[in-house]
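Heads up: the structure comes next, in structure tokens.
In this note's numbering, the protein residues as written are 82 to 701.
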């Protein structure tokens, strides 16, 4: 049982004397100290702990603090004095944070869950907290159910929308007058539903305060994640197999250090009634705890005629024939298996059907949800190579004070596929290369495909390609002007790559202490430049590392692990409608970003990078 719940704003929590601010709190029991002493005790205990012991669970003076940290210095904390379910409390905090993101950050205005947003919507958060937790006992945190009867509008800024209305242009005034006249003429007419939304009748109602009576009875039902009475004019289900690549390659050793996949099966469901969905995958032993375990007593096969999805291609068969040796059937079977691990299913899935029939059977929640998540160790599949390979070369021209970067990019996937939004970020270490300003002749490049730019805030060369096909090699060459080449020697480069570089002490006078130089720099007079490039480079020199080339991309219609849906069926006993299924595969490599809609990371440390080697640098 949770004794108290807090939402804190705690900026710079790692400094010596941090202070947090309580944005809102709710107390359920009186057997704990006051709010001020409770928060002060938590801060003091947190400061004394070393970094490796700052876990989500902190115990002090018989009080247990369970917390998670969100974006923009927001911290959610549950306090208890009794022995509670730790994982249940962490799951509640995570899902409640996601619910807040859905209510407060789902609009098109780009609102973020920060301190001001929480303070402006305290009444909405208290109503959500009352439904999610009853006297310290966790109840429900499903957004699809909460949105049906908590219909309080979020207090969000609407300045952008209001600014457009007060435009002084005559064209805007005429358009607004026309829109008002149209709205008056159609004011008393019934608007037919043209969007695929859950409607209780054929006519859409503007009154959003009406509550579905079956929602209140949903908690006590066996299927408490889907209310009754849902109807759609067109029944559709969208299934996305999204796989995030985590690939580390050492150029010096020419060896793959890490190759893993963090996959998820995202479903968008627009089905009427209480449907029963069945999904089958091409991996036969998806339910096995260990990939080396085989099912001894197999049941009778299920009739899947008329519901199978044709997924085999001629290219796949040709590759399998080349790799499969004659007379080695057992090895071929093991090679075709996908080493899936760490599978997490949604609560709607019937686990018995997975172990018995090897089918994922479930009654889906309404709208969007994640059906399952999984991890795949690609290094166990030797036939699965890298999707994209890159070979960089840094050429330092000491006489002309130039830096030439040659890069060869090769795509290894099938030729019929397309890679979109490809970004190659090539680091340029400011400890070696003195690049303080870029004029018209500062950056020159020539590439067979895409564009090249230089980002001064991160000191990296960005090679962007909108679309590239498989089995293709492209080249890029860029040239940068250097102020000096004193630090550009092979000894410093090797020390930097081995993390043995010692920062040089700067005895120069700080510009902030000299008011005259500061004013000259601000206005760009007396030989001083108004550019902030030098200050930016000083900051990133101390904070960033420049030993890896990072790549981000998106490849549609590709399942890197080989996991595909082979069987899909939707049944509804009462309505017996026809369903329109849609299946999509996406393989991507993205940066470590946090999704505001769900409050979770898109992928845990998902990056596609190549470690630089001393052989990549040449001094001429």
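The C-beta atom is built at its ideal place from N, Cα and C for all residues, glycine as well.
For residue 545, I'd like the list of residues in its chain whose CB is within less than 6 Å of its CB, leaving aside the five on either flank, ordered along the chain.
Cβ neighbours of residue 545 beyond the five flanking positions: 504, 531, 532.
Terminal residues of the continuous alpha helix (DSSP H) containing residue 203?
That run of the alpha helix (DSSP H) goes 203-213.
What's the call for residue 359, buried or exposed, on a 16-neighbour Cβ count within 10 Å?
Buried, since its Cβ has 16 or more Cβ neighbours within 10 Å.
Would residue 131 be called buried (16 or more neighbouring beta carbons within 10 Å of its own) or exposed?
Under this definition residue 131 is an exposed residue.
What does DSSP give as the partner residues of residue 534 in its beta bridges?
BP columns for residue 534 point to 543.
Are residue 165 and residue 156 closer than 9 Å when you measure CB to CB?
Against a cut-off of 9 Å, the Cβ pair of residue 156 and residue 165 comes out as no contact.
Our contact map puts residue 508 next to residue 534 with C-beta atoms below 8 Å; I'd like the distance itself, whole angstroms only.
Not a contact, Cβ separation roughly 14 Å.
Which of the three DSSP states is assigned to residue 89 in this structure?
Residue 89: strand per DSSP, three-state reduction.
Please state whether DSSP places residue 510 in a helix, a strand or coil.
Coil at residue 510, not helix or strand.
Hey, quick one: how far does the beta strand (DSSP E) through residue 175 stretch, first residue to last?
Here residue 175 belongs to no beta strand (DSSP E); instead the alpha helix (DSSP H) covers 167-186.
Can you tell me the Cα-Cα spacing of residue 482 and residue 524, whole angstroms?
Going by the C-alpha atoms only, they are around 13 Å apart.
Could you say if the stretch 323-330 and the stretch 338-347 meet the contact criterion of at least three C-beta pairs nearer than 8 Å?
Contact between the stretch 323-330 and the stretch 338-347 is present, because at least three Cβ pairs lie under 8 Å.
In the DSSP assignment, find the alpha helix (DSSP H) that holds residue 121 and state where it starts and stops.
It spans 116-129 - the alpha helix (DSSP H) in which residue 121 sits, taken as one unbroken run.
Taking Cβ positions, are residue 318 and residue 661 nearer each other than 9 Å?
Yes, Cβ-Cβ distance for residue 318 and residue 661 is below 9 Å.
Quick one: what's got a C-beta closer than 7 Å to residue 91's C-beta in the same chain, skipping five residues either side?
99, 101, 154, 156.
Would you mind giving the Cβ-Cβ distance between residue 444 and residue 307, rounded to the nearest angstrom? I have them listed as a contact below 8 Å.
Indeed they touch by this definition, with Cβ atoms about 6 Å apart.
Please list, in chain order, all residues of the same chain as residue 349 whose beta carbon is under 6 Å from its beta carbon, the five residues on each side excluded.
Here the set comprises 319, 449.
Verify whether the separation of the beta carbon atoms of residue 557 and residue 490 is less than 9 Å.
Their beta carbons are under 9 Å apart, which means residue 557 touches residue 490 by this criterion.
DSSP puts residue 698 in a beta bridge; with which residues?
According to DSSP, which records beta bridges pairwise, residue 698 is partnered with 475.
What number of angstroms, rounded off, separates the C-alpha of residue 183 from the C-alpha of residue 455?
Cα-Cα distance, rounded: 24 Å.
Reducing DSSP to helix, strand and coil, say where residue 197 ends up.
Note: residue 197 maps to helix in three-state DSSP.
Determine, using beta-carbon pairs with one atom in the stretch 112-121 and one in the stretch 193-208, whether at least three such pairs fall under 8 Å.
The answer is no - the stretch 193-208 does not touch the stretch 112-121, with fewer than three Cβ pairs under 8 Å.
Express the C-alpha separation of residue 326 and residue 232 in angstroms, rounding to a whole number.
Whole-angstrom Cα-Cα distance: 39 Å.
If you measure between the beta carbons of residue 667 and residue 324, is that distance less than 9 Å?
Their beta carbons are under 9 Å apart, which means residue 667 touches residue 324 by this criterion.
Quick check: the Cα distance between residue 495 and residue 85, rounded to an integer number of angstroms?
Taking the straight line from one Cα to the other gives about 56 Å.
In chain order, what are the residue ranges of uninterrupted beta strand (DSSP E) at least 3 long that sit wholly in the stretch 415-448?
List check, beta strand (DSSP E) in window: 421-426, 441-443.
Do you know offhand how far residue 581's Cα is from residue 560's?
Since pLDDT at residue 581 reaches only 49, below the 50 mark, its modelled position is unreliable, and the value read off the structure follows with that caveat. If I take the Cα positions, the gap works out to 28 Å.
Give the DSSP-derived three-state secondary structure of residue 548 in the structure shown.
In this structure, residue 548 counts as strand in the three-state DSSP scheme.
Would residue 497 pass as a contact of residue 550 if the rule is Cβ separation under 9 Å?
Yes, the pair counts as a contact, with Cβ atoms nearer than the cut-off.
Identify the residues that DSSP records as bridge partners of residue 326: which are they?
According to DSSP, which records beta bridges pairwise, residue 326 is partnered with 342.
Give the range of the beta strand (DSSP E) segment to which residue 357 is assigned.
Residue 357 -> beta strand (DSSP E) spans 357-362.
Does the beta-carbon of residue 696 have 16 or more other beta-carbons within 10 angstroms, so that it is buried, or is it exposed?
Exposed, by the Cβ-count rule.
Roughly how many angstroms lie between the CA atoms of residue 693 and residue 654, to the nearest whole one?
Whole-angstrom Cα-Cα distance: 60 Å.
In the structure shown, what three-state DSSP assignment does residue 459 receive?
If DSSP states are grouped into helix, strand and coil, residue 459 belongs with the helices.
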